[in-house]
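A quick write-up on the structure given underneath.
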Amino acid sequence: MNTRTSFCFPRSARASAAGWLAAGLLLAGLTGPARAQFAVAPATSADDRALLAQMARDYVEPALANALTENAGGVLRPEVVMGALDSRLRLSPCPRIEPYLPPGTRLWGRSRIGLRCLEGQVRWNVFVPVTIKAWGPAWVLRRPVPAGTALVQEDAELAEMDWAEQSASVLATPESWIGQQAAFALNPGQTLRENMVRPVPAFDRGAQVKVKSEGTGFQVVVSGEAMGVGVVGQTVRVRLNGGRVVTGTVRDGPLVEVRL
């Protein structure tokens with residue numbers, strides 16, 4: 003292998019996103035083989051490694067912009083931050099290199115783009131590190147919120163934040179977090195996300211609750227003890243006064259509905 007080979011990239015080369023973008027939930031479906039190909043040679047110098055990284059950027063930017071437009075209605079502004087290839091990298095000559103998205107890779111947060119040699123005496127495959135950012139309006143905490151405290155409007159304010167900084171989904175509307183309970187201690191400057199809040203319990207474990215059963219032409223209401231925390235809309239087990247254990251759905255107030 004000739005480790006001193008140098009070459010030049012056509013700077014105008016651009017990768018087409020057609021044929022591989024199949025977005026599902028926000029960017030989670032960006033999978034499949036790349037179709038764009040480039041007639042280039044391998045990299046050894048710092049400049050050539052930078053051009054390989056540029057090839058990866060040219061491949062990902064159009065697809066990322068399209069995905070954000072289709073799935074987020076243009077609310078999010080994409081930013082691609084390319085990493086650098088290992089300076090020790092040595093590649094054999096290759097007349098054609100193809101960028102691609104590795105299977106199972108998400109273009110969200112820290113990710114990578116593959117570059118593989120399609121023709122050449124020695125086939126090779128390398129990965130370029132990339133950080134995907136998606137800037138958009140998000141609710142950011144203005145003050146500390148102790149664990150278990152219900153959030154109110156004054157706890158957060160709108161600001162432009164990177165939605166892709168973490169994997170948990172951003173709570174984009176006030177209705178999605180106002181009245182919810184902090185799952186753990188929250189700090190000023192944090193972006194509100196799904197894993198940070200939970201519904202306020204209707205009752206705690208050990209509470210006395212009413213258990214209601216209905217059928218055609220009748221309704222039965224008995225008392226029991228909750229065997230777990232009750233959250234409206236979720237199921238909970240209740241030990242009736244006679245010792246029998248039933249499972250039902252929590253409704254408003256200390257009421258559990260059991261379907262016969």
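Read left to right, the sequence shown gives residues 3 to 262 (this note's numbering).
By construction, the Cβ of each residue, glycine as well, lies at the ideal position given by its N, Cα and C atoms.
Here the structure is a predicted model, which means the values were calculated and not measured.
Rounded to the nearest angstrom, the gap between the Cα atoms of Leu54 and Arg195 is 35 Å. If the five residues before and after Gln192 are omitted, its C-beta is found closer than 8 Å to the C-beta atoms of Val142, Leu143 and Met198, all from its own chain and listed in chain order. Annotation for Arg125: Cys119 place their beta carbon closer than 6 Å to its own, counting only its chain and skipping 5 residues before and after. Nearest to Gly122 by C-alpha distance, out of Ile134, Trp110 and Pro97, is Pro97.
Closest option to Thr175, judged by alpha-carbon separation, among Phe129, Val223, Gln155 and Val233: Gln155.
By DSSP's assignment, Gln183 forms a beta bridge with Ala152 and Arg200. By a beta-carbon distance limit of 8 Å, Asp157 does not contact Ala136. Their separation comes to about 24 Å. In this structure, the straight-line span from the alpha carbon of Thr218 to that of Val260 is close to 14 Å. In the DSSP assignment, Leu194 falls outside any beta strand (DSSP E), carrying neither H nor E. Under DSSP, Ala158 forms a beta bridge with Leu143. Assignment of Ser113 by DSSP, reduced to helix, strand and coil, places it in the strand class. Boundaries of the beta strand (DSSP E) around Leu257: Leu257 to Arg261. Straight through space, the alpha carbons of Ala184 and Arg246 are spaced by roughly 34 Å. Under the criterion of beta carbons closer than 8 Å, Pro104 and Arg114 qualify as touching, at roughly 7 Å. Within the same chain, Cβ atoms closer than 6 Å to the Cβ of Arg79 are found at Trp137, the five residues on either side in sequence being excluded. Shortest Cα-Cα distance from Val252 to any of Thr237, Arg241 and Trp179 involves Thr237. With fewer than 16 other Cβ atoms from the protein chains shown falling within 10 Å of its own Cβ, Pro190 counts as exposed.
In the three-state reduction of the DSSP assignment, Asp60 falls in the helix class. Straight-line measurement puts the Cα of Leu93 at about 10 Å from the Cα of Arg51. Val233 and Ser171 have their C-alpha atoms some 21 Å from each other.
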